[in-house]
Amino acid sequence: MTTQTKTAYITTPIYYVNDKPHIGHAYTTTLCDIWARSMRALGKDVFFLTGTDEHGVKVEKSAQARGISPQELADENAAEFRKVMDLFGLSFDDFIRTTEQRHVQQVQTAVKQLLDSGDVYLGEFEGWYDEGQEEYHTETKAKEMDYKSPISQQPLVRATQTNYFFRLSAYQERLEQLFAENPGFVKPEARYNEVLGRLRGGLQDVPITRTNFEWGIPFPGDEEHVIYVWIDALMNYATGVGMCESPRREKSRYWPAQYHVIGKEILWFHAVIWPAVLMALKLEQPDCIYAHSFWISEGQKMSKSLGNFIDLDQLQNYMDTYGQDALRYFLATQGPAGATDSDFSRSHFHETYTTDLVNTVGNCASRTSAMINKYCDGECPRDSGACAGSEIEWSSFTGEQVGRAIEAMEQFDLAGSIAAAMKIVRQVDTFINETAPFKLAKDPEAATQVADILYRCAEAIRIATCLLESVMPEKVQELRSAWQLGEATNDLRSECTWGRLQPGTKIQKVALFPRLELEEATA
Ligand code: ME8
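So that you can map any letter, position 201 of the sequence shown is 200 in numbering that gives the first Met the number 0, and since no number is skipped, the others follow by simple counting.
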């Protein structure tokens, strides 16, 4: 992506309504939220899409088990997911549900187009059938499973199914070319290599309809078949901005997405099947599929059987104790954005909160504002430009970090972007310790020097927090009001120019992140 792009489009996976929301969903959506807020701050016209995946046999079965209709179950859980979005202050622009007419109609139009172009055809699939799971497996997969259902342990049976297929095999070469020409098409790099390796192993056509259940989008022209939930779901990225509507509406200006952000378990669908479908539909490719790794919980994989998902209640508890911004900061800096999984543990959370937020951001802002109150009557002093007793050239130092932070954010390196902002804050801390304004203040002749130092501290903190605003919007807002910094503009770059802080501005004392004891927090 280039900085000249005026629009910016980012998506989360659409979440299954047969499950309750948990940390994984909150995580992916928070990452996208931070990126979306940052791009808005840079003046981009942003579209941030999330939503729910509501069709398929699992939803049908869960609904049956509860004695309600699949639509009722979907309505109930989609509402739950929406509630989470509000609870976490997630700034999505649209929430798409795959049972909505706008989606259903566009999926049918797109599938019809694929049928007309010959990319979808009626064929037979002979494979190994798991009767309990109602699922077909290829020879290779069945062999891996020792021809037994991993769930029921019953033998798989040889069976034939008539299905509509997508001609994935026809796109092998073009997909390899897409990967070769776009080394950033899948991130992180380890995931790119993984998909490319599997892609080179060869592609088979994939069945895209089912006849063994009903809860899905009817296949156009052959209503015995419903469209396989994965094809239906992937298409949300296009239907969400009206790409399969005719005529297209204004929202289609967002196409294609800069980032489809997902978890690594659904990468193949996103990095191979989806691009091939887009090629068949003659739609432009996204810039990047970003596949993060997994949160594990207190050292263990989260699973239904272990019942150790970090669920909403727990997340709410973290937010009540540490604040929403602390949770966002933790997710963004300590999360599994790279190729390895991350452990979510209370002790690690507490340590990150204390080290980065209490001792660094909070402490610097509170020290600086307290000294301005003590030595400068609570008004931002003027920087005379004289030597303040330190070698650091603040304007170029902050300029460099601002550049790094913005570039990293554009590359979806959220932790890298935050690290650049935090470098400024840490430098303020070092600067205060080295120049010791609290000592100089005892000497009336050093008043100018004290003023210079404190202006520089306050200005550097202002700039760092502008960069951190997408991560901790509430706390930065608190600082903005205490320091009379005004509302954020959508011109982050100029806001971060050194020297914008006006001498004379009233600076109130702030305590952004209260210190907590672990025991107190656990209680
Ligand atoms: O797969 N750590 O929906 P889903 C981090 N409907 N992220 C996690 C996670 C974990 N432990 N567990 C889940 C589906 N996630 C399909 C997607 S898209 C066209 C269709 C996140 O409800 C991660 O983003 O199972 C993962 O990809 C997503 O939740 C899966 O959500």
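All C-beta atoms, glycine included, are put in the ideal place defined by N, C-alpha and C.
For residue i, which residues does DSSP report across the bridge?
{"i": "T217", "result": "Per the sequence shown, the amino acid found at residue 217 is Pro instead of Thr. DSSP, once it has assigned bridges, lists V225 as partnering P217."}
{"i": "F343", "result": "S296"}
{"i": "T159", "result": "E125"}
{"i": "P154", "result": "K147"}
{"i": "Y258", "result": "I9 and C287"}
{"i": "T49", "result": "F94"}
{"i": "T208", "result": "I226"}
{"i": "V185", "result": "I288"}
{"i": "Y120", "result": "F164"}
{"i": "Y253", "result": "The partner list for Y253 (beta bridge, DSSP) is empty, contrary to what the question assumes."}
{"i": "D442", "result": "Beta-bridge pairing links D442 to no other residue."}
{"i": "Y15", "result": "D52"}
{"i": "K505", "result": "E378"}
{"i": "D32", "result": "Answer is none; D32 lacks a bridge partner."}
{"i": "Q44", "result": "Residue 44 is actually Asp in this sequence, not Gln. T6, per the DSSP bridge assignment."}
On the DSSP letters alone, give me the boundaries of the alpha helix (DSSP H) that residue i sits inside.
{"i": "T397", "result": "W393 to E409"}
{"i": "E188", "result": "E188 to R199"}
{"i": "E523", "result": "Any answer about residue 523 is impossible in this case: the structure gives the chain only from 0 up to 522."}
{"i": "N316", "result": "L311 to Y321"}
{"i": "H54", "result": "That residue, H54, is in no alpha helix (DSSP H); it is neither H nor E in DSSP."}
{"i": "H21", "result": "Counting along the chain, H21 falls outside any alpha helix (DSSP H), and DSSP gives it neither H nor E."}
{"i": "T10", "result": "Here T10 belongs to no alpha helix (DSSP H); instead the beta strand (DSSP E) covers T6 to T10."}
{"i": "E172", "result": "Q171 to E180"}
{"i": "E477", "result": "P472 to A481"}
{"i": "Y135", "result": "Premise fails: Y135 lies in the beta strand (DSSP E), E134 to H136, not in any alpha helix (DSSP H)."}
{"i": "D115", "result": "Q100 to D115"}
{"i": "L491", "result": "L491 to E494"}
Could one say the Cβ of residue i lies closer than 7 Å to chain B's Cβ atoms, at least one of them?
{"i": "I462", "result": "Looking at the structure shown, chain B is missing, and only one protein chain is on hand."}
With residue i and residue j assumed to form a contact (beta carbons below 8 Å), what rounded beta-carbon distance in angstroms separates them?
{"i": "A325", "j": "I13", "result": "With 8 Å as the limit, A325 and I13 do not qualify as a contact, their Cβ atoms being about 28 Å apart."}
{"i": "E494", "j": "C465", "result": "5 Å"}
{"i": "P380", "j": "P502", "result": "6 Å"}
{"i": "S292", "j": "P246", "result": "S292 to P246, Cβ: 41 Å. No contact."}
{"i": "A414", "j": "R403", "result": "Incorrect: roughly 12 Å between the Cβ atoms, too far for contact."}
{"i": "G126", "j": "T137", "result": "6 Å"}
{"i": "H450", "j": "S383", "result": "The sequence as given places Ala at residue 450; His does not occur at that position. Indeed, because the Cβ distance is near 7 Å, the residues count as touching under 8 Å."}
{"i": "N162", "j": "P206", "result": "4 Å"}
{"i": "C31", "j": "F184", "result": "The Cβ separation is near 18 Å, so there is no contact."}
{"i": "I423", "j": "A463", "result": "4 Å"}
{"i": "A77", "j": "E59", "result": "With 8 Å as the limit, A77 and E59 do not qualify as a contact, their Cβ atoms being about 16 Å apart."}
Which residue comes first and which comes last in the beta strand (DSSP E) that contains residue i?
{"i": "R527", "result": "Limits of the chain in this structure are 0 at one end and 522 at the other, which puts residue 527 out of reach."}
{"i": "D93", "result": "D93 to R96"}
{"i": "Y236", "result": "Careful: Y236 lies outside any beta strand (DSSP E), inside the alpha helix (DSSP H) at N235 to T238."}
Whole beta strand (DSSP E) elements within the segment 349–388, 3-residue minimum: If we require 3 residues or more, the segment 349–388 turns out to have no beta strand (DSSP E) run fully inside it.
Whole alpha helix (DSSP H) elements within the segment 261–290, 4-residue minimum: Within the segment 261–290, the complete alpha helix (DSSP H) runs of at least 4 residues are 273–279.
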